[in-house]
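In my numbering, the protein residues as written are 122 to 439.
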């Protein structure tokens, strides 16, 4: 038999094994561990049975010749078996990828439509509530309009936050930032920081870090959360940046003087309790956490009756 004929025979043999095994393998999720176990069982059983049969049925020197032929056949069968496993595993992966892509496309469409329509309708509700409020003399009705307006603005904030969370996955490119430059800009432009809030910045001359493009929004969210939960009469914020060379990280710390972050919100963020997000509590900090972990960083929260300290750790840029 020439080389071409041998190659054709092996290809036909391999395809025949793959065709017979594929219907069964397509119903079985092929993880690396299962593939390894299946190969070991197949190999050991086949080797044991064939050696016992040959040892009993043949004598030397014929046994040595048949043993060599048996070894070649075992190699061919093993190759076909591995080919069938890997082919089925690849098809499963391709099917899963197609399903994930389809679902991702559906979610993108739903998100764009829902976010656009919901934001427009809520803006209309908020505007009408404020319009009615200015023309009412009944204090109870005025309070009701103010409640409607406040809740509408809260839902709009949630809508905006979901958009930010979605944008995390749209671009995972790591960029370099100088925290000593961008944090003062964030503080200066923050619409919740007024002259009544005492903000202290402790920044080194330069503080280069590597993170995603949403890092500025994450820092802004932490500052917003700190202002919201600070002492309403004398709000105080302390924002500091400190490199941690031993871990290769840079820490961004935001401290407030409020009553402390509620324990259940801390638990949601720290223990990954997704079911609690049905109430949308801690959604802003979830956005911060996802942004930070996406950059191989960490989020730390320390709260007591004297205030809350939120620390963002992101990799230091070289």
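Glycine included, every Cβ here is placed at the ideal spot set by N, Cα and C. Note that the coordinates shown come from a computational prediction; the quantities given were computed from them, not determined experimentally.
Integer Cβ distance of residue i from residue j, believed to fall under 8 angstroms
i, j, result
"residue 381", "residue 425", "5 angstroms"
"residue 318", "residue 348", "6 angstroms"
"residue 376", "residue 315", "About 18 angstroms separates the two Cβ atoms, so there is no contact after all."
Classification of residue i by the beta-carbon crowding that lies within 10 angstroms, buried from 16 upward
i, result
"residue 225", "exposed"
"residue 206", "buried"
"residue 342", "buried"
"residue 346", "buried"
"residue 410", "buried"
"residue 123", "Note that residue 123 has pLDDT 47, beneath the 50 cutoff, so the model's placement of it is unreliable and the number below is only indicative. Exposed is the call here."
"residue 321", "exposed"
"residue 414", "exposed"
"residue 362", "buried"
"residue 399", "Bear in mind that the predicted position of residue 399 carries a pLDDT of just 42, short of 50, making it too unreliable to give a figure here."
Residue i in three-state terms, based on DSSP
i, result
"residue 423", "strand"
"residue 416", "coil"
"residue 372", "strand"
"residue 400", "Note that residue 400 scores 47 on pLDDT, short of 50, meaning its location in the model is unreliable; the coordinates nonetheless yield the value given after this. Residue state, collapsed to three classes: helix."
"residue 377", "strand"
"residue 314", "coil"
"residue 333", "coil"
"residue 256", "coil"
"residue 319", "strand"
"residue 351", "coil"
"residue 327", "coil"
Nearest neighbour of residue i, chosen from the options [CA to CA]
i, options, result
"residue 330", "437, 218, 308", "437"
"residue 253", "313, 243, 270", "270"
"residue 427", "204, 365, 328, 358", "358"
"residue 366", "434, 196, 208", "434"
Inset, instruction - Tell me, please, whether the stretch 346-354 touches the stretch 328-338 by the rule of three or more beta-carbon pairs shorter than 8 angstroms. - result: With the cut-off at 8 angstroms, the stretch 346-354 and the stretch 328-338 do not touch.
Inset, instruction - May I ask you to verify whether the stretch 261-277 touches the stretch 237-253, counting CB pairs closer than 8 angstroms and requiring at least 3? - result: Under the three-pair Cβ rule at 8 angstroms, the stretch 261-277 counts as touching the stretch 237-253.
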